[in-house]
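**Student:** In this text, residue positions in the first sequence follow the working numbering: the first is 16, and each later residue adds one. Below: one structure in structure tokens.
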Amino acid sequence: MPDGIIRVGTDEWEIPVGYVPGMRVPGRFFLSEALAGLLEPGALQQLANVATLPGIVRYSLGMPDLHWGYGFPIGGVGAFSLDEGVISPGGVGFDINCGVRLFTTPLVRADIKKPRELIESLYRAVPTGVGAKSTAKIPKEALLSMMVKGARWAVETGYGTTRDLTRCEEGGAMNDADIRAVSEKARARGIPQGGTLGSGNHFLELQEVSEIYDEKAAAAFGVKMGQVCCMIHCGSRGLGHQVCTDHLKVLETATKRYNIALPDRQLACAPAGSPEGQAYYGAMAAAANYAWANRQMILHAARKEFVRMFGMDYESMPLVYDVAHNVAKIEEHTVEGRRARLLVHRKGATRSFGPGAPDLPGDLAAIGQPVIIPGSMGTSSYVLAGTATAMERTFGSTCHGSGRIMSRSQAKKKLTGKEVADALLARGIIVRAPNEAAIADEAPDVYKPSSEVVQVVHDAGLSTLVARLTPLGVIKG
DNA sequence: ATGTAC
Numbered sequence: 016m017p018d019g020i021i022r023v024g025t026d027e028w029e030i031p032v033g034y035v036p037g038m039r040v041p042g043r044f045f046l047s048e049a050l051a052g053l054l055e056p057g058a059l060q061q062l063a064n065v066a067t068l069p070g071i072v073r074y075s076l077g078m079p080d081l082h083w084g085y086g087f088p089i090g091g092v093g094a095f096s097l098d099e100g101v102i103s104p105g106g107v108g109f110d111i112n113c114g115v116r117l118f119t120t121p122l123v124r125a126d127i128k129k130p131r132e133l134i135e136s137l138y139r140a141v142p143t144g145v146g147a148k149s150t151a152k153i154p155k156e157a158l159l160s161m162m163v164k165g166a167r168w169a170v171e172t173g174y175g176t177t178r179d180l181t182r183c184e185e186g187g188a189m190n191d192a193d194i195r196a197v198s199e200k201a202r203a204r205g206i207p208q209g210g211t212l213g214s215g216n217h218f219l220e221l222q223e224v225s226e227i228y229d230e231k232a233a234a235a236f237g238v239k240m241g242q243v244c245c246m247i248h249c250g251s252r253g254l255g256h257q258v259c260t261d262h263l264k265v266l267e268t269a270t271k272r273y274n275i276a277l278p279d280r281q282l283a284c285a286p287a288g289s290p291e292g293q294a295y296y297g298a299m300a301a302a303a304n305y306a307w308a309n310r311q312m313i314l315h316a317a318r319k320e321f322v323r324m325f326g327m328d329y330e331s332m333p334l335v336y337d338v339a340h341n342v343a344k345i346e347e348h349t350v351e352g353r354r355a356r357l358l359v360h361r362k363g364a365t366r367s368f369g370p371g372a373p374d375l376p377g378d379l380a381a382i383g384q385p386v387i388i389p390g391s392m393g394t395s396s397y398v399l400a401g402t403a404t405a406m407e408r409t410f411g412s413t414c415h416g417s418g419r420i421m422s423r424s425q426a427k428k429k430l431t432g433k434e435v436a437d438a439l440l441a442r443g444i445i446v447r448a449p450n451e452a453a454i455a456d457e458a459p460d461v462y463k464p465s466s467e468v469v470q471v472v473h474d475a476g477l478s479t480l481v482a483r484l485t486p487l488g489v490i491k492g
């Protein structure tokens with residue numbers, strides 16, 4: 016650990032005020048000894064930089080999958096006062112509402128006699144890869160509804176059931192979307208991309224429940240040992256990317272207009288209540304809603320393939336939950352014994368609301384929200400439960416995944432897509448992608464081990480282990 | 001992450 020970092024708990028560390036000039040609050044991060052060895056010093060610098068922003072409350076927080084990102088680190092959480100604080104696109108990321116959803120099936124592994132055929136049919140059903148285009152035509156007016164209603168638009172259009180909406184964070188839509196703040200260019204990119212997976216670390220994966228850690232929570236979430244399930248990881252595609260690009264330009268100017276001193280221009284931001292800040296917030300919410308509609312459409316396409324191939328009921332494949340891990344939201348939290356509405360930025364961090372949280376359906380109220388943590392390609396994913404500890408310590412937040420340790424270009428130099436796919440096949444995992452290049456830079460070796468990341472948040476009480484999911488086959492962009 | 005550079 017670099018000089019000046021203080022150990023404050025078993026897996027908990029503090030960056031004291033003064034580590035970089037202008038810090039208003041300390042940084043706090045959660046990391047085991049093993050993961051500490053993989054941490055880039057740049058990520059800690061970024062965590063400290065966030066602590067210099069106006070109106071930040073308590074701490075700049077880092078999760079155990081912390082790594083270097085655009086301005087803010089990935090695996091970071093920053094909560095800001097609505098009166099004195101700022102909003103920053105760097106605190107959300109380019110892929111607005113990148114997130115994960117999980118649905119279960121009534122199948123066990125032995126029921127899948129032809130796994131290759133199932134993977135191929137899912138691959139055909141879900142457009143995948145850079146610039147992937149929708150199979151269904153989305154009218155221009157429908158795009159506006161996607162941005163306002165999110166997953167509810169998809170369900171009303173026939174992609175899913177109303178129960179699905181009760182299993183989405185925010186019910187699958189933020190209320191504060193402002194479509195006027197979404198440029199024509201962003202809209203034009205969004206129209207042909209509804210229901211597409213995209214590329215990079217996005218995936219659709221067939222999994223088997225391979226361990227249950229918490230019987231009671233697993234039963235409440237509808238997750239059973241041996242069950243086959245399907246995980247979908249994607250975001251707001253070109254639309255969200257364009258929203259981020261457009262508003263970064265505006266906020267770079269606004270930063271100067273409001274005399275905000277920044278240690279890094281990638282932290283471009285504006286007061287939360289300013290016109291520029293509000294416009295970004297409204298556009299970001301619209302992009303987040305688009306992402307929820309997108310994941311809902313992909314869920315529907317995947318379910319239809321299971322119905323077609325196995326003849327089961329559509330309703331026998333319930334959604335466990337859908338979480339966002341790149342978003343900023345206004346939430347109520349308790350700070351020093353008082354309730355306060357805060358603007359919580361989660362970038363590569365997952366909401367982890369505990370028992371009694373306001374938007375949980377009745378049957379989950381006593382357990383806490385399901386937290387879905389994807390593994391990297393070929394490694395386990397996890398279901399956890401949100402906790403009261405997260406509410407007290409991290410503004411109701413936990414980790415989001417495993418965290419990259421090798422750049423895409425480094426990975427491509429070291430590995431070929433064929434080598435990686437063959438190694439996975441030797442372990443019984445089928446990989447399907449539009450090209451080999453999409454596989455090499457997502458190899459398991461280029462990510463931190465997801466099991467260790469999840470163990471740290473479990474031990475710290477930021478979310479508790481419910482089930483482990485092992486991959487059977489994966490579709491990559 | 002991303003019509004992986006306007």
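Beta carbons: idealized from backbone N, C-alpha and C, even for Gly.
For H340 and S103, which I take to be in contact (beta-carbon distance under 8 Å), what is that distance rounded to the nearest angstrom?
**Tutor:** Not a contact, Cβ separation roughly 17 Å.
**Student:** Return the first residue and the last residue of the alpha helix (DSSP H) that R361 is part of.
**Tutor:** Here R361 belongs to no alpha helix (DSSP H); instead the beta strand (DSSP E) covers 353 to 362.
**Student:** Skipping 5 residues on each side, what residues in its chain have a beta carbon closer than 7 Å to that of Y527?
**Tutor:** Residue 527 cannot be examined here, being either before or after the span of the chain that is shown, 16 to 492.
**Student:** Looking at Q384 and G401, is the spacing between their C-beta atoms short of 9 Å?
**Tutor:** For G401 and Q384, yes; Cβs fall inside 9 Å.
**Student:** So, are the CB atoms of V40 and V92 less than 9 Å apart?
**Tutor:** No.
**Student:** Quick check: what's the CA-CA separation for F321 versus H315?
**Tutor:** Cα to Cα, F321 sits roughly 10 Å from H315.
**Student:** In terms of DSSP beta bridges, what is S396 paired with?
**Tutor:** L484.
**Student:** Checking 9 Å against the spacing of the C-beta atoms, do M421 and N309 come in under that value?
**Tutor:** Not closer than 9 Å, so no.
**Student:** To the nearest angstrom, how far is it from the Cα of T485 to the Cα of V468?
**Tutor:** Those two C-alpha atoms are separated by around 16 Å.
**Student:** Taking the C-alpha atoms as reference points, what is the distance between G292 and K231?
**Tutor:** When rounded, the distance between both Cα atoms is 43 Å.
**Student:** According to DSSP, simplified to helix, strand and coil, what is D80?
**Tutor:** D80 falls in the strand class under three-state DSSP.
**Student:** Under 9 Å, do G492 and A140 count as touching if we go by C-beta distance?
**Tutor:** Cβ distance not < 9 Å, so G492 and A140 don't count as in contact.
**Student:** Taking Cβ to Cβ, would you say V338 is nearer than 9 Å to R131?
**Tutor:** No, these two residues do not count as a Cβ contact at 9 Å.
**Student:** Could you check the C-alpha separation between L282 and P88 for me, to the nearest Å?
**Tutor:** Distance between the alpha carbons of L282 and P88: 10 Å.
**Student:** Since Y74 and G42 are thought to touch, with beta carbons under 8 Å apart, how far apart are those beta carbons, to the nearest angstrom?
**Tutor:** So it is a contact: roughly 6 Å between Cβ atoms.
**Student:** Given a threshold of 16 other Cβ atoms within 10 Å of its Cβ, counted over all protein chains shown, does L219 qualify as buried or as exposed?
**Tutor:** Buried: at least 16 other Cβ atoms inside 10 Å.
**Student:** From this set, I247, T413, P278, L59, which residue's C-alpha is nearest A403's C-alpha?
**Tutor:** Per the Cα distances, T413.
**Student:** Report all residues from its chain with a CB closer than 6 Å to the CB of C249; omit the five preceding and five following residues, and keep chain order.
**Tutor:** Closer than 6 Å at Cβ, skipping near neighbours: L212, G213, H217.
**Student:** Measure the beta-carbon distance from L334 to E346 and round it to whole angstroms, keeping in mind my assumption that it falls under 8 Å.
**Tutor:** The pair is not a contact, with the Cβ atoms about 22 Å apart (cut-off 8 Å).
**Student:** Should E434 and A453 be called a contact, given that it needs their Cβ atoms to be closer than 9 Å?
**Tutor:** Against a cut-off of 9 Å, the Cβ pair of A453 and E434 comes out as no contact.
**Student:** Curious, which full-length alpha helix (DSSP H) runs of at least 4 residues does the region 442 to 480 contain?
**Tutor:** As far as the region 442 to 480 is concerned, its whole alpha helix (DSSP H) runs of at least 4 residues are 452 to 455, 465 to 475.
**Student:** Cβ atoms of A475 and D80: under 9 Å apart, would you say?
**Tutor:** Going by C-beta atoms, D80 is not nearer than 9 Å to A475.
**Student:** Following the continuous alpha helix (DSSP H) through S160, name the residue where it begins and the one where it ends.
**Tutor:** S160 -> alpha helix (DSSP H) spans 155 to 164.
**Student:** Span of the beta strand (DSSP E) holding C249?
**Tutor:** Where C249 is concerned, the enclosing beta strand (DSSP E) stretches over 242 to 249.
**Student:** W28 bridges to which residues according to DSSP?
**Tutor:** Beta-bridge pairing links W28 to R22, F44.
**Student:** With C-beta atoms as the reference, is E184 less than 9 Å away from D378?
**Tutor:** For E184 and D378, no; Cβs fall outside 9 Å.
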